[in-house]
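Colleague:
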Ligand code: CA
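Numbering (the numbering used here), first residue to last: 154 to 826.
1) Here's the rule I'm using: 16 or more other beta-carbon atoms within 10 Å means buried, otherwise exposed. How should residue 471 be labelled?
2) What residue does the alpha helix (DSSP H) around residue 451 start on, and which one ends it?
3) Where residue 206 and residue 220 are concerned, what is the direct C-alpha to C-alpha distance, given to the nearest angstrom?
4) Out of 636, 633 and 595, which has the shortest C-alpha to C-alpha gap to residue 621?
5) On the CB-based measure, 16 or more other CB atoms within 10 Å of its CB, does residue 272 come out buried or exposed?
6) Just how far apart, CA to CA, sit residue 563 and residue 379?
7) Would residue 406 pass as a contact of residue 467 if the rule is Cβ separation under 7 Å?
8) Using a Cβ distance threshold of 8 Å, determine whether the region 428-443 contacts the region 492-507, with at least three qualifying pairs required.
9) Could you check the C-alpha separation between residue 637 and residue 454 for me, to the nearest Å?
10) Distance check for residue 718 and residue 567, CA to CA, integer angstroms please.
11) Would the beta-carbon of residue 286 be found less than 6 Å away from any heavy atom of ligand 1?
12) So, under 8 Å CB-CB, residue 715 and residue 665 are touching, yes? Tell me the CB distance rounded to an integer number of Å.
13) State the Cα-Cα distance for the pair residue 367 and residue 639, rounded to the nearest angstrom.
14) Throw me the rounded Cβ distance for the residue 782 and residue 818 pair, which I believe falls under 8 Å.
15) Which of the three DSSP states, helix, strand or coil, is assigned to residue 809?
16) Is residue 419 near ligand 1, with its Cβ less than 6 Å from a heavy atom?
17) Tell me where the alpha helix (DSSP H) around residue 819 begins and ends.
18) From the DSSP output, in three-state form, read off residue 235 for me.
19) Using the C-alpha atoms, what's the distance from residue 391 back to residue 605?
20) Would DSSP call residue 182 helix, strand or coil?
21) Can you round the beta-carbon distance between residue 225 and residue 259 to whole angstroms, since I take them to be within the 8 Å contact cut?
22) Relative to the C-alpha of residue 658, which residue among 600, 532 and 795 is closest?
23) If I follow the unbroken alpha helix (DSSP H) through residue 397, where does it start and stop?
24) I'd like the list of long-range same chain contacts for residue 401, defined as Cβ closer than 6 Å, with 5 residues on each side in sequence excluded.
25) Should residue 705 be labelled buried (16 or more other beta-carbon atoms within 10 Å of its own) or exposed?
26) Heavy atom of ligand 1 less than 6 Å from the Cβ of residue 340, yes or no?
27) With a threshold of 8 Å on Cβ separation, who are the neighbours of residue 307 within its own chain once the five nearest residues in sequence on each side are excluded?
28) Please determine whether the Cβ atom of residue 427 lies at a distance below 6 Å from any heavy atom of ligand 1.
29) Who are the Cβ neighbours of residue 584 in its own chain at under 6 Å, not counting the five residues just before and after it?
30) Taking three-plus beta-carbon pairs below 8 Å as touching, is the region 439-446 in contact with the region 505-524?
31) Does the separation of the CB atoms of residue 822 and residue 779 fall below 7 Å?
32) State the DSSP-derived secondary structure class of residue 142, mapped to helix, strand or coil.
33) DSSP three-state call for residue 385: helix, strand or coil?
34) So, is residue 463 buried or exposed, given that buried needs 16 or more other C-beta atoms within 10 angstroms?
35) Rounded to whole angstroms, what's the CA-CA distance from residue 489 to residue 394? Just pull it up for me.
36) Taking its Cβ as the centre, do 16 or more other Cβ atoms sit within 10 Å of residue 181, making it buried, or is it exposed?
Dropping the structure here:
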């Protein structure tokens, strides 16, 4: 048997993102069924609409008996300066119009339901909030635009197939003492060009640019609840998978969380800087659950509606965090779609990564994918194709891997290749294919063909998926590590005891060589290119900076590895053969060679996809000894596992007389013109 945890159909792979402060008690049973009968309001004007002569507030709350709006001078504390009763208009919407200029004032809503006043809340559609997200702010959004924002241009992207994702966390990337970055832990830390580590090697945004990736993927940076924004001196750390206000950037990443406009402007400055550097920006979004349950603004303003319940009225919890949102209810679906479109337009974002996407229904995901592509067809949507627990949503409707064929152009993370390469995420000492576990060979091949149908695969031998789940290679995200679980270096170290540092880095290099030569969309965890460690800490969602920070001295120590990644990324960018656009092209132009189990070798027909190399041969040798292969004459060495020779001019001692010698635990890449 394979050393993988057996999976059940419902819960595929449980990652740790969801395990954020799940301390809240479950709400009392409120069997207010009939949510589907609530009126649906279809216009896109919920929230606050400001102009200098009037401001209009609209809140959807069909169960409310009364709704009041309070106006404040500050985002926290102080007495209200005005209190207004809203009037019920149409389709469960309550409205107030203030005919005066209330720019930069703060506000809250409070609803009375079943004879009881709920707590004061920010409406879910709020675009700007005060410190700790307690009150909304009335803002002229044009005042939040940094200089030159109207001229901000997205970097060129020839096609989705060119995407290479690089996952960062706002605080991790800059917080260490050797980052050379002034605004540590802030959005604007990523606008600092020219920063270096102690040995003058580039850091921060310059480093990401040098890597050659096309997209940064930013861990949650919308307003989340776990960091007290009034106490920056505590240096608290959290990944941020505990949403509070979906349409607002997180305050602790701004230089002034009290003035709601600052976080908005600084987030835009960061996007602008990335775009200037030629890098597109993806936001990790977590619509599947909220940080609070019954204390959330959703539940205080429209009790029960935004969450799924079981038949007995108990809140469902497929996020393993106390609740799951109900994307299949019209007004929640509308909220998610409008929220994503808002980020795409207002912040010029280029992609969205959906946490626990399996909690959302297929219809919602396809609707929002379509809606953002109307804003910009190159916006890329992808997510985790699993849940973290059972859900009342029928399996056939979930946006999970098994329903990949129903998701129009949305991509899904491949846990198949991830665990195939490095070993099980949960059995820490289990080895993957690169560490010599040959039972995982078919899992790796499954990733190489980007989870599509391919004649050379035996799907019965794939550990997790017994059939393809991508209809196109562009719907598979191939990766071996991310923020969840151990870093790649730590996982390899734990599962390969008594292995030298040099050998561990060799394994790590081989792991991502498989990822970056595979078909599909590759994804890298920031710092993997320099052997990043979290010192064995697995679920570091609230570990201190000392665990989570990127230690930029590793770049100096492992500069050869960094250079290798850059060469590998360049190779991928230059060659369409690694990025075929359809399953049919793969079936016809990728052929696996017959080899022993400790080798995977395949040939790409570059000529068929317009590659300047007519053929490419990729060979992975995971055995502990070098191996000779007769491949015939006419090949040139593109990579000997150490460096890249794309012009083919270098005579290379590993290939002569039609025989290539592949070093132990290495990848060799050859080509014909
Ligand atoms: Ca916050």
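Ideal Cβ positions, reconstructed from N, Cα and C, are used throughout, including at glycine.
Computed from a predicted structure; not experimentally measured.
Modeller: According to the structure shown:
1) Counted from its first residue, the chain shown places residue 471 at position 318. Counting Cβ neighbours within 10 Å, residue 471 comes out buried, since at least 16 surround it.
2) Counting from one through the chain shown, the residue named residue 451 turns up at place 298. It spans 450-454 - the alpha helix (DSSP H) in which residue 451 sits, taken as one unbroken run.
3) Sequence index remark: in the chain shown, residue 206 carries index 53 (1-based). Sequence index remark: in the chain shown, residue 220 carries index 67 (1-based). If you take the alpha carbons of residue 206 and residue 220, they lie about 23 Å apart.
4) To locate residue 621, count along the chain shown from 1; it is residue 468. The shortest Cα separation from residue 621 among 636, 633 and 595 belongs to 595.
5) Here residue 272 refers to the residue found at position 119 when the chain shown is read from its first residue. Exposed.
6) As a working mapping, residue 563 is identified with position 410 in the chain shown. As a working mapping, residue 379 is identified with position 226 in the chain shown. Looking at the two C-alpha atoms, the distance is approximately 30 Å.
7) The residue labelled residue 406 in the question sits at position 253 within the chain shown. The residue labelled residue 467 in the question sits at position 314 within the chain shown. No.
8) yes
9) Counting from one through the chain shown, the residue named residue 637 turns up at place 484. Counting from one through the chain shown, the residue named residue 454 turns up at place 301. One C-alpha to the other measures close to 33 Å.
10) Within the chain shown, the letter at position 414 stands for residue 567. Within the chain shown, the letter at position 565 stands for residue 718. If you take the alpha carbons of residue 567 and residue 718, they lie about 21 Å apart.
11) As a first step, residue 286 is located in the chain shown; it is residue number 133 there, counting from the start. Residue 286 Cβ: within cutoff of ligand 1.
12) Here the question's residue 715 lines up with position 562 in the chain shown. Here the question's residue 665 lines up with position 512 in the chain shown. The pair is not a contact, with the Cβ atoms about 12 Å apart (cut-off 8 Å).
13) Here the question's residue 367 lines up with position 214 in the chain shown. Here the question's residue 639 lines up with position 486 in the chain shown. For residue 367 and residue 639, the distance between alpha carbons rounds to 25 Å.
14) Residue 782 sits at position 629 when you count from the first residue of the chain shown. Residue 818 sits at position 665 when you count from the first residue of the chain shown. With 8 Å as the limit, residue 782 and residue 818 do not qualify as a contact, their Cβ atoms being about 16 Å apart.
15) Stepping through the chain shown from its first residue, residue 809 is reached at position 656. Strand.
16) What you label residue 419 is simply residue 266 of the chain shown in a count that begins at 1. No - ligand 1 has no heavy atom lying nearer than 6 Å to the Cβ of residue 419.
17) As a working mapping, residue 819 is identified with position 666 in the chain shown. That residue, residue 819, is in no alpha helix (DSSP H); its beta strand (DSSP E) goes 819-825.
18) One-based indexing of the chain shown puts residue 235 at position 82. Note: residue 235 maps to strand in three-state DSSP.
19) What you label residue 605 is simply residue 452 of the chain shown in a count that begins at 1. What you label residue 391 is simply residue 238 of the chain shown in a count that begins at 1. Rounded to whole angstroms, residue 605 to residue 391 spans 36 Å at the Cα level.
20) In the chain shown, counting from the first residue as 1, residue 182 sits at position 29. Note on residue 182: pLDDT 41, under 50, position unreliable in the model; the coordinate value appears next. In this structure, residue 182 counts as coil in the three-state DSSP scheme.
21) The residue labelled residue 225 in the question sits at position 72 within the chain shown. The residue labelled residue 259 in the question sits at position 106 within the chain shown. Contact holds; Cβ gap of about 4 Å.
22) Residue 658 sits at position 505 when you count from the first residue of the chain shown. Comparing Cα positions, the closest option is 795.
23) Residue numbering aside, residue 397 sits at position 244 when the chain shown is read from its first letter. From DSSP, residue 397 is part of no alpha helix (DSSP H) but of the beta strand (DSSP E) over 396-402.
24) Here residue 401 is taken as the residue at index 248 of the chain shown, counted from 1. Closer than 6 Å at Cβ, skipping near neighbours: 282 and 376.
25) As a first step, residue 705 must be located in the chain shown, where it is residue number 552. That one is buried.
26) Indexing the chain shown from 1 puts residue 340 at position 187. Not under cutoff, so the answer is no.
27) Against the chain shown, residue 307 aligns to sequence position 154. So the list reads 428, 433, 501, 503, 529 and 531, once near-sequence residues are dropped.
28) Working through the chain shown from its first residue, we reach residue 427 at position 274. For ligand 1, not one heavy atom lies less than 6 Å from the Cβ of residue 427.
29) Residue numbering aside, residue 584 sits at position 431 when the chain shown is read from its first letter. Result list for residue 584: 576, 590 and 648, in chain order.
30) yes
31) Numbered from 1 along the chain shown, position 669 holds the residue referred to as residue 822. Numbered from 1 along the chain shown, position 626 holds the residue referred to as residue 779. Against a cut-off of 7 Å, the Cβ pair of residue 779 and residue 822 comes out as no contact.
32) This structure gives no information on residue 142, because the portion of the chain shown stretches from 154 to 826.
33) To locate residue 385, count along the chain shown from 1; it is residue 232. Residue 385: helix per DSSP, three-state reduction.
34) Walking along the chain shown from the start, residue 463 turns up at place 310. Burial call: exposed.
35) Translated into the one-based positions of the chain shown, residue 489 becomes position 336. Translated into the one-based positions of the chain shown, residue 394 becomes position 241. Roughly 16 Å separates the two Cα atoms.
36) Within the chain shown, the letter at position 28 stands for residue 181. Bear in mind that a pLDDT of 41 at residue 181, under 50, signals an unreliable position, so the number given afterwards is only what the model happens to contain. Exposed.
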